[in-house]
Amino acid sequence: MLIELIREKPAKSGAVRSKVKIDGDFFGYGLENSAYMFPNGVYTLYGRTSPKFGRNKVYINVPGRSNIMFHGGNTADQTTGCVLVAASRDGETISGDLSDELFNVVDAAANRGEGVALEARDDNTKIIVALGVIGAIGVYLLNKER
Numbered sequence: 003m004l005i006e007l008i009r010e011k012p013a014k015s016g017a018v019r020s021k022v023k024i025d026g027d028f029f030g031y032g033l034e035n036s037a038y039m040f041p042n043g044v045y046t047l048y049g050r051t052s053p054k055f056g057r058n059k060v061y062i063n064v065p066g067r068s069n070i071m072f073h074g075g076n077t078a079d080q081t082t083g084c085v086l087v088a089a090s091r092d093g094e095t096i097s098g099d100l101s102d103e104l105f106n107v108v109d110a111a112a113n114r115g116e117g118v119a120l121e122a123r124d125d126n127t128k129i130i131v132a133l134g135v136i137g138a139i140g141v142y143l144l145n146k147e148r
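Structural data, given as structure tokens:
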């Protein structure tokens with residue numbers, strides 16, 4: 003299973019808005035604080051019980067940092083490195099915590115024996131499927147600034 007965190011350019015306020023997709027389907031919105039963002043890349047997701055919240059949450063580890071959580075919140079100043087996930091967005095504010103639903107998706111995949119990866123990337127990275135001259139299919143990542 004692939005969960006995509008497709009980031010927009012940081013706002014002057016430091017908020018980084020994003021869209022969250024699961025296997026290509028829209029799931030919700032993300033919000034991060036640009037001062038604490040982890041680098042774009044592909045990471046393994048896992049679920050566990052949060053010591054702070056006492057509930058099941060989704061986490062990732064990245065080089066130099068661990069236990070980055072996906073949890074609810076409304077504004078970028080409510081996170082110091084985690085990703086806020088929600089159902090709706092209005093400017094730099096999100097609402098409708100989806101972190102429990104995200105955990106359920108990740109947990110169900112793990113119970114089926116599937117690996118779960120997170121791909122964090124900028125929204126200006128496009129995935130294009132092209133047909134070659136003899137009909138071979140190639141997948142190319144093009145980084146083009148808008």
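Under our numbering, the residue at position 79 of the sequence shown is numbered 81, and the numbers go up by one with no gaps.
Heads up, the beta-carbon is just placed ideally off N, CA and C, and yes, glycines get one too.
Straight-line Cα distance separating residue j from residue i
i, j, result
"K21", "S36", "15 angstroms"
"E121", "T51", "23 angstroms"
"D16", "G117", "Correcting the residue identity first, residue 16 is Gly in this sequence and not Asp. Taking the straight line from one Cα to the other gives about 32 angstroms."
Residue i, enclosing alpha helix (DSSP H) - first and last residue
i, result
"S20", "Here S20 belongs to no alpha helix (DSSP H); instead the beta strand (DSSP E) covers 17 to 24."
"V118", "Neither: V118 is in no alpha helix (DSSP H) and is coded neither H nor E."
Residue interval of the beta strand (DSSP E) (run including residue i)
i, result
"E6", "4 to 9"
"F55", "Counting along the chain, F55 falls outside any beta strand (DSSP E), and DSSP gives it neither H nor E."
"F40", "No beta strand (DSSP E) contains F40, which DSSP labels as neither H nor E."
Beta-carbon contacts of residue i that lie in its chain and below 8 angstroms, excluding the five residues immediately before and after
i, result
"D109", "G49, N58"
Same chain, Cβ closer than 7 angstroms to residue i, neighbours up to 5 away in sequence not counted
i, result
"T82", "N35, Y38"
"G30", "V22, V87, A88, A89, L100"
Sequence-distant residues of the same chain with beta carbon closer than 6 angstroms to residue i, five excluded per side
i, result
"E6", "K23, E121"
"E10", "R19, D125"
| Which ranges does the alpha helix (DSSP H) cover as unbroken runs of at least 4 residues, wholly within the stretch 47 to 114, from first to last along the chain? | Taking 4 residues as the shortest admissible run, the stretch 47 to 114 contains the following complete alpha helix (DSSP H) segments, listed from N- to C-terminal end: 101 to 113.
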